[in-house]
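One structure is given below, encoded as structure tokens.
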Amino acid sequence: MHHGDVDLRYRPLTADDVLDLDDTFTTDVVFSVSSGPLAFSLTPVPVSPRTKTFPPDDDPLPQEGFAAEDSGLRGFISVEIADWHSRLVIRQLTVAPEYRGRGVGRRLMELGVQWGRERGARTAWLETSSVNVPAVRAYQRMGFALCGLDTTLYRGTPSEGEVALYMGREL
Numbered sequence: 332m333h334h335g336d337v338d339l340r341y342r343p344l345t346a347d348d349v350l351d352l353d354d355t356f357t358t359d360v361v362f363s364v365s366s367g368p369l370a371f372s373l374t375p376v377p378v379s380p381r382t383k384t385f386p387p388d389d390d391p392l393p394q395e396g397f398a399a400e401d402s403g404l405r406g407f408i409s410v411e412i413a414d415w416h417s418r419l420v421i422r423q424l425t426v427a428p429e430y431r432g433r434g435v436g437r438r439l440m441e442l443g444v445q446w447g448r449e450r451g452a453r454t455a456w457l458e459t460s461s462v463n464v465p466a467v468r469a470y471q472r473m474g475f476a477l478c479g480l481d482t483t484l485y486r487g488t489p490s491e492g493e494v495a496l497y498m499g500r501e502l
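Residues in the sequence shown are numbered from 332 upward in steps of one, following the numbering used here.
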């Protein structure tokens, strides 16, 4: 892992950007989700290091957002506004593995949040997974908190067995 900010250019996404970066990650902790009648609890559980590769997503990402680049794309954030409640939806935030932990994701999130504020968004919201503890912790450092979950969302998909975690923050 590298530390320290890197010298990248940040710019709005364009229709020509191919939003395709290696979004695999490795973790040695996952969240175990248990439920009661009106409550859920998430418990960090150590696991043998496991690598998650995301299946292809058939839903095209919005071309609103920002890119981080030098000689190529190193990270991007894809965002949209949910009009009915003026919420900024972070559709995807991906940083190339060799650039993680160096402030790139935080800078992209700042740009996305500013974009949302300029369009009247009052909250920001995103979805991640119970196995993506590195992302959950990064989002917590960016001011996001757990605001909900769905134990059934990934049934019948390659991510079956994981729990969708929803995180939000005020803008």
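Even for Gly, the Cβ is constructed at its ideal location relative to N, Cα and C. No experiment lies behind these values; they were computed from the predicted model shown.
Just reading off the beta strand (DSSP E) that residue i is part of, what are its end residues?
i, result
"residue 400", "396-400"
"residue 440", "From DSSP, residue 440 is part of no beta strand (DSSP E) but of the alpha helix (DSSP H) over 435-449."
"residue 495", "495-501"
"residue 420", "418-426"
Measuring straight from C-alpha to C-alpha, what distance separates residue i and residue j?
i, j, result
"residue 476", "residue 417", "19 Å"
"residue 342", "residue 368", "47 Å"
"residue 390", "residue 422", "10 Å"
"residue 411", "residue 420", "5 Å"
"residue 502", "residue 489", "33 Å"
"residue 425", "residue 354", "6 Å"
"residue 413", "residue 481", "19 Å"
"residue 456", "residue 384", "23 Å"
"residue 386", "residue 462", "14 Å"
"residue 345", "residue 470", "25 Å"
"residue 399", "residue 492", "33 Å"
"residue 497", "residue 362", "13 Å"
Quick test of your reading: residue i and residue j, contact by CB under 8 Å. State the CB separation rounded to the nearest angstrom.
i, j, result
"residue 433", "residue 337", "5 Å"
How is the alpha helix (DSSP H) around residue i delimited, first residue to last?
i, result
"residue 465", "464-472"
query = So, do the segment 376-393 and the segment 357-367 have three or more beta carbon pairs nearer to each other than 8 Å?
reply = yes
message = Any contact between the segment 388-404 and the segment 334-353? By contact I mean 3 or more CB pairs, one from each, below 8 Å.
response = yes
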